[in-house]
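S.K.: Please find one structure pasted underneath; my questions will follow.
2 protein chains.
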Amino acid sequence: MGVTKSQIFDKEQNELAQLFKVLGHPARIAILQYISTQNACICNDIVEEIGLAQATVSQHLKELKSLGLLQGEIEGKKMCYCINLEVWNDIQLRLNSFFITTKTNCC
Amino acid sequence: MGVTKSQIFDKEQNELAQLFKVLGHPARIAILQYISTQNACICNDIVEEIGLAQATVSQHLKELKSLGLLQGEIEGKKMCYCINLEVWNDIQLRLNSFFITTKTNCC
DNA sequence: AATTAATATCGTAATATTGCGATATTAAGA
DNA sequence: TCTTAATATCGCAATATTACGATATTAATT
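Keeping their order, the protein sequence lines are chains S and V.
Sequential numbering of the first sequence, starting at 1, is according to the UniProt record's numbering.
Sequential numbering of the second sequence, starting at 1, is according to the UniProt record's numbering.
Written out as structure tokens, the structure reads:
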């Protein structure tokens, strides 16, 4: 037990859930919001801003990267992260389309 | 360890994350989609449709109810669930506004 | 009153997530 | 070359989530 039974759901359902899931942590919301406040890209300031250990922040960044939502660019020994706007818009559209499609008449 | 450190994030970040989190499971996506295909409200058909144990489905329904997303109406010994359209639209707007606000110029 | 059907809740096992210290790794700078 | 700074990854502990059987609960039906 304890495993999500992905097999019994279809691709769309699993993908949608995965998108929502990655966005379902306040640290990851905070990271995205913080990056968006900076005109230029960010690096280790994220760690200081967020207030979690460096290892933890790195892990959250990894999950955001897994959606393609963040791009990282190496600048010497620093990493510069930014939001991939194309993916961002894609995801927004996808979630919206879920919301629109799933509207229903109530009781 | 293992506890999400909600204290270090603000109300908005925690609430947004919570919304995303509840939607971040394929069974809950499937439940919402299934309810939306029925004109009238649904009951225990959900259990049969989803293919998870009754107890598990009931738990997922509870989480959706925790957002106010589902309304349950008692009809004899059956429960009739439907999507609360007002809350549905609210959440859609809220997530959209997050997506719009968090747009940013990239690297 | 007893039975049955529909649902919720409890308890628990399996697994996943969160968070962090310790440890790589890599590149700039002394 | 040695040091330092920035980041990623590993390993683990604490907690949360997922799933389900068993057991309530409640209302219709017999």
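Cβ atoms here follow ideal geometry from the backbone N, Cα and C, with glycine treated the same way.
DSSP state of S/K70, grouped into three classes?
M.R.: Translated into the one-based positions of the first sequence, residue 70 of chain S becomes position 70. In the sequence under discussion, the amino acid at residue 70 of chain S is Leu, which differs from the Lys named in the question. Of the three classes helix, strand and coil, the one that applies to S/L70 here is strand, per DSSP.
S.K.: Apart from the five residues on each side of it in sequence, which residues of its chain come closer than 8 angstroms, Cβ to Cβ, to V/L64?
M.R.: Taking the first residue of the second sequence as position 1, residue 64 of chain V is located at position 64. These residues qualify, in order along the chain: V22, R28, I31, L32 and L70.
S.K.: Here's a check: name, in chain order, each residue in its chain whose Cβ is nearer than 6 angstroms to the Cβ of S/Q54, leaving out the five neighbours to either side.
M.R.: As a working note, residue 54 of chain S is residue 54 in the first sequence. The answer, listed in chain order, is V47.
S.K.: Measuring straight from C-alpha to C-alpha, what distance separates S/E86 and S/T37?
M.R.: Numbered from 1 along the first sequence, position 86 holds the residue referred to as residue 86 of chain S. Numbered from 1 along the first sequence, position 37 holds the residue referred to as residue 37 of chain S. Their Cα atoms are separated by approximately 18 angstroms.
S.K.: If you follow the beta strand (DSSP E) that V/K21 is part of, which residue opens it and which one closes it?
M.R.: Within the second sequence, residue 21 of chain V is the residue found at index 21, counting from 1. Element bounds for V/K21: not the beta strand (DSSP E) but the alpha helix (DSSP H), K11 to L23.
S.K.: Taking C-beta pairs closer than 9 angstroms, name the residues in chain V that S/K21 reaches, listed in chain order.
M.R.: Numbered from 1 along the first sequence, position 21 holds the residue referred to as residue 21 of chain S. Ordered by position in chain V, the residues that pass the 9 angstroms Cβ test against S/K21 are F20, K21, L23, G24 and H25.
S.K.: Start and end of the alpha helix (DSSP H) containing V/I91?
M.R.: Locating residue 91 of chain V in the second sequence gives position 91, where the first residue counts as 1. Start and end: L85 to T101.
S.K.: Mind checking whether V/L19 and V/L95 have CB atoms under 8 angstroms apart?
M.R.: The residue labelled residue 19 of chain V in the question sits at position 19 within the second sequence. The residue labelled residue 95 of chain V in the question sits at position 95 within the second sequence. Contact: yes.
S.K.: Using only alpha-carbon positions, find the residue among S/S6, S/T101, S/I100 and S/F99 that is nearest to V/I50.
M.R.: For this step, residue 50 of chain V is matched to residue 50 along the second sequence. Nearest of S/S6, S/T101, S/I100 and S/F99 to V/I50, Cα basis: S/S6.
S.K.: Between which two residues does the alpha helix (DSSP H) harbouring V/V47 extend?
M.R.: The count along the second sequence starts at 1 and reaches residue 47 of chain V at position 47. Unbroken alpha helix (DSSP H) run through V/V47: D45 to I50.
S.K.: Cβ of S/G24 within 8 angstroms of Cβ of V/A17?
M.R.: In the first sequence, counting from the first residue as 1, residue 24 of chain S sits at position 24. In the second sequence, counting from the first residue as 1, residue 17 of chain V sits at position 17. In this structure, V/A17 lies closer than 8 angstroms to S/G24 by Cβ.
S.K.: Straight-line CA distance for S/T101 to S/G72?
M.R.: On the first sequence, residue 101 of chain S is found 101 positions in, with the first residue counted as 1. On the first sequence, residue 72 of chain S is found 72 positions in, with the first residue counted as 1. Each residue's Cα considered, the two are about 34 angstroms apart.
S.K.: Show which residues of chain S have a CB atom less than 7 angstroms away from the CB atom of V/S6.
M.R.: For the purposes of this step, residue 6 of chain V is taken as the residue at position 6 of the second sequence. Chain S residues near V/S6: P26.
S.K.: DSSP on S/K62, reduced to helix/strand/coil?
M.R.: The count along the first sequence starts at 1 and reaches residue 62 of chain S at position 62. Three-state DSSP puts S/K62 in a helix.
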